[in-house]
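I have placed the structure first, in the form of structure tokens, so that the comments after it can refer back to it.
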Amino acid sequence: MWPFWFCDLPAVRRDIDNVVTGGYIMDMKRRKKPFVYPVEKGRVVSVREAKAQLSALIGRAGTGESITIAWHGRPRARLVPIDETRRKFKVDRAWLKSMKVQGAGERSEVMVRNDRDARG
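What follows is the structure, encoded as structure tokens:
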């Protein structure tokens with residue numbers, strides 16, 4: 012048996028502190044890893060910075076850059092450029108001119124009055 016003062020020697024204390032126990036290893040295996048929020052490539056700014064530079068950030072988003080706004084270090088919003096690949100609506104004026112215009116018929120109030128009179 013070691014004497015009680017043996018563990019107080021600096022060299023022995025250093026060796027005892029460096030021993031890794033099985034319980035410590037199991038605790039490390041069970042410890043949950045912190046969740047890392049996925050952040051797209053691009054600039055990450057805080058809410059305070061986004062408030063101060065909103066017009067500049069909108070301009071950067073307009074040039075194609077994706078900007079993530081973080082609140083307390085966690086991504087909360089993203090400024091992204093608008094996808095303008097949609098085809099714009101084209102009007103076929105020749106087709107519109109070829110359509111017949113209906114002549115003026117009975118007015119709606121006359122039609123409603125006749126319908127009500129017919130019901131009694």
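Going by our numbering, the first residue of the sequence shown is number 12, and it counts up by one from there. C-beta atoms are modelled at their ideal positions from N, C-alpha and C, and glycine is treated no differently.
Q: Give the C-beta separation of residue 55 and residue 81 to the nearest angstrom, bearing in mind that I take them to be a contact with Cβ-Cβ under 8 Å.
A: With 8 Å as the limit, residue 55 and residue 81 qualify as a contact, their Cβ atoms being about 6 Å apart.
Q) Do you know how far the Cα of residue 98 is from the Cα of residue 68? A) Going from the Cα of residue 68 to the Cα of residue 98 covers about 27 Å.
Q) Can you pull the DSSP bridge partners for residue 81? A) DSSP output for residue 81 lists 57, 86 as bridge partner(s).
(Q) Rounded to the nearest angstrom, what separates residue 41 and residue 58 at their Cα positions? (A) Roughly 35 Å separates the two Cα atoms.
Q. Do the CB positions of residue 75 and residue 92 come within less than 8 Å of each other?
A. Contact: yes.
Q | residue 120 versus residue 104 - alpha carbon distance | A | C-alpha of residue 120 to C-alpha of residue 104: approximately 33 Å in a straight line.
(Q) Which residue wins for smallest C-alpha separation from residue 84, given the options 126, 60, 101? (A) Of the listed residues, the one whose Cα sits closest to residue 84 is 60.
Q: Output the distance between the C-alpha atoms of residue 88 and residue 96, rounded to the nearest integer angstrom.
A: Their Cα atoms are separated by approximately 23 Å.
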